[in-house]
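To keep things clear, I will list the structure first and then write my remarks on it.
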Amino acid sequence: MPFLSIFVGSTVGLGTAMYAMGLQSRPVLKPHVSYAIYIVAGGFIGYKVFEKRQHQRQIASRRREVLIERRDKRLEEARARMHAETASAAD
463 MPFLSIFVGS TVGLGTAMYA MGLQSRPVLK PHVSYAIYIV AGGFIGYKVF EKRQHQRQIA
523 SRRREVLIER RDKRLEEARA RMHAETASAA D
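According to this note's numbering, the sequence shown is numbered sequentially starting from 463.
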């Protein structure tokens, strides 16, 4: 869903530019080149945030898979020990 992140980033960038113009007591609704720059910069930041989230999700899923494999291995070893103990107790 990069479009939503880009849209939010662009909107925040535009709002920042308009706020800056308002602080300078300049006309806010008059088109300015700086608005386009802020929109592009905000969209870029939004896209980078999206990429970062995707990367973090990939890392978390890989880590989860490793932990599940380790847990399964421990369970398998515990079952083997239980089986060995019951077999030796029966003898």
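We put the beta carbon where it would ideally sit given N, CA and C, even for glycine.
Remember, it's a predicted structure, so these values are computed and weren't measured experimentally.
Using beta-carbon positions only, say whether G471 and G508 come within less than 9 angstroms of one another. Here residue 471 refers to the residue found at position 9 of the sequence shown. Here residue 508 refers to the residue found at position 46 of the sequence shown. Against a cut-off of 9 angstroms, the Cβ pair of G508 and G471 comes out as a contact.
Does the beta carbon of I521 sit closer than 9 angstroms to a beta carbon anywhere in chain B? This model lacks chain B altogether, as it is built from one protein chain only.
Within a Cβ cutoff of 7 angstroms, which residues of the same chain sit near A503, ignoring the five residues on either side of it in sequence? Looking up residue 503 in the sequence shown gives position 41. Excluding five sequence positions before and after A503, the CB atoms of its chain that fall closer than 7 angstroms to its own CB belong to G475, given in chain order.
Close-in-space but distant-in-sequence residues of the same chain around Y497 (CB under 7 angstroms, 5 per side omitted): Taking the sequence shown and counting its residues from 1, the one referred to as residue 497 is at position 35. Closer than 7 angstroms at Cβ, skipping near neighbours: L476, A479.
Less than 8 angstroms separating the Cβ of H517 from some heavy atom of the ligand SAH? Among the ligands in the structure shown, none appear at all, so the ligand SAH cannot be discussed.
Endpoints, the alpha helix (DSSP H) within which P464 is located: If you number the sequence shown from 1, residue 464 lands on position 2. Looking at the DSSP string, the run of the alpha helix (DSSP H) that includes P464 is 464–485.
Inter-residue Cα distance where the pair is L529 and R519: Here the question's residue 529 lines up with position 67 in the sequence shown. Here the question's residue 519 lines up with position 57 in the sequence shown. Roughly 15 angstroms between the two C-alpha positions.
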